[in-house]
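Trainee: Please see the structure below; I have some questions.
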Amino acid sequence: MSVIIKPIITEKITKDGEIFNRFGFVVAKKANKVEIKKAIEASYGVTVVAVNTMNYRADRTVKYTKSGLISGKTNAYKKAIVEVKEGETIDFYTNI
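Residue numbers (this note's numbering): 3 to 98.
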């Protein structure tokens, strides 16, 4: 099971990375904080200080169109905010 699915690169997470050494990742739904910490340390070679996780539910939508009702939903996912040791950083652009 792959624990880390993809990094999150948004303005808010990028600013947190520059100021507070926090980085965001989309992780597997069944992964716990210890597994996430080990995976980040093994993949990026940094020391993880703290891991915070959040579960996002699927949002359902209904759109009214000429052809009738169209229903849809977004995917549910789990997000992890990882804080690394002071002085260390993760560079997503060169670590491909």
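Glycine residues also receive a C-beta, built at the ideal position from the N, C-alpha and C atoms.
On a predicted model such as this, the values are computed, not experimentally measured, just so you know.
(1) Whole angstroms is fine: what's the gap from Asn-77's alpha carbon to Arg-59's?
(2) Is it true that the CB of Ile-83 sits closer than 8 angstroms to the CB of Asn-54?
(3) By the three-class DSSP mapping on this structure, what secondary structure does Ala-78 have?
(4) If I measure Cβ to Cβ from Lys-75 and keep anything under 6 angstroms in the same chain, skipping five residues before and after, which residues do I get?
(5) Taking contact to mean 3 or more Cβ pairs, one atom from each stretch, closer than 8 angstroms, check whether the region 79-95 and the region 21-29 are in contact.
(6) In this structure, does DSSP put Tyr-46 in helix, strand or coil?
(7) Helix, strand or coil for Ala-41? Go by DSSP, reduced to three states.
(8) If you count every other CB in all the chains shown that lies within 10 Å of the CB of Gly-19, and 16 or more means buried, which is it?
(9) Mind checking which residues open and close the alpha helix (DSSP H) that includes Ile-15?
Mentor: If we stick to the structure as given:
(1) 7 angstroms
(2) yes
(3) coil
(4) Ala-60, Arg-62
(5) yes
(6) helix
(7) helix
(8) buried
(9) 13-22
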